[in-house]
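Student: Residue numbers (our numbering): 201 to 316. Even for Gly, the Cβ is constructed at its ideal location relative to N, Cα and C.
Here's what the structure looks like:
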């Protein structure tokens, strides 16, 4: 479980797609644990910059996302355990949103603009 929380709190970034919070180095070394099959962030600084944001509010620790009502409300109940941002400023590029839709993934903007 210790690897779920970044050791280096500097340069924390939140994924614009799933909201997981990691530092830049973790995104670069491992990619996004939820989105890597759809968006290859591993080793791609430009993709990390495009698909993550350093501006986010609130943190939620999700250790059992499938069992959590907060995870369900936040649309992270199908994702891996970790630290998630409640709100993330920014949106993914439109072409990436189209690619996600083609792969059957429903994108929920994490900036609060599309509240359910």
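1. On the DSSP letters alone, give me the boundaries of the alpha helix (DSSP H) that residue 228 sits inside.
2. From which residue to which residue does the beta strand (DSSP E) around residue 259 run?
3. Are the CB atoms of residue 310 and residue 212 nearer to each other than 8 angstroms?
4. So which of 295, 260, 243, 223 has the shortest CA-CA distance to residue 229?
5. Return helix, strand or coil for residue 235, following the three-state DSSP convention.
6. With which residues is residue 215 paired in a DSSP beta bridge?
7. Mapping the DSSP letters down to three states, classify residue 273 as helix, strand or coil.
Tutor: This is what the structure holds:
1. Locating residue 228 in the chain shown gives position 28, counting from the first residue. First-last of the alpha helix (DSSP H) with residue 228: 224-230.
2. Taking the chain shown and counting its residues from 1, one reaches residue 259 at position 59. Its beta strand (DSSP E) spans residues 256-262.
3. Position 110 of the chain shown, counted from the first residue, corresponds to residue 310. Position 12 of the chain shown, counted from the first residue, corresponds to residue 212. Not a contact, by the Cβ cut-off of 8 angstroms.
4. Within the chain shown, numbered from 1, the residue matching residue 229 stands at position 29. Taking only the C-alpha atoms, the option nearest residue 229 is 243.
5. The residue given as residue 235 occupies position 35 in the chain shown. Coil.
6. Taking the first residue of the chain shown as position 1, residue 215 is located at position 15. Answer by DSSP bridge pairing, in chain order: 252.
7. Against the chain shown, residue 273 aligns to sequence position 73. If DSSP states are grouped into helix, strand and coil, residue 273 belongs with the helices.
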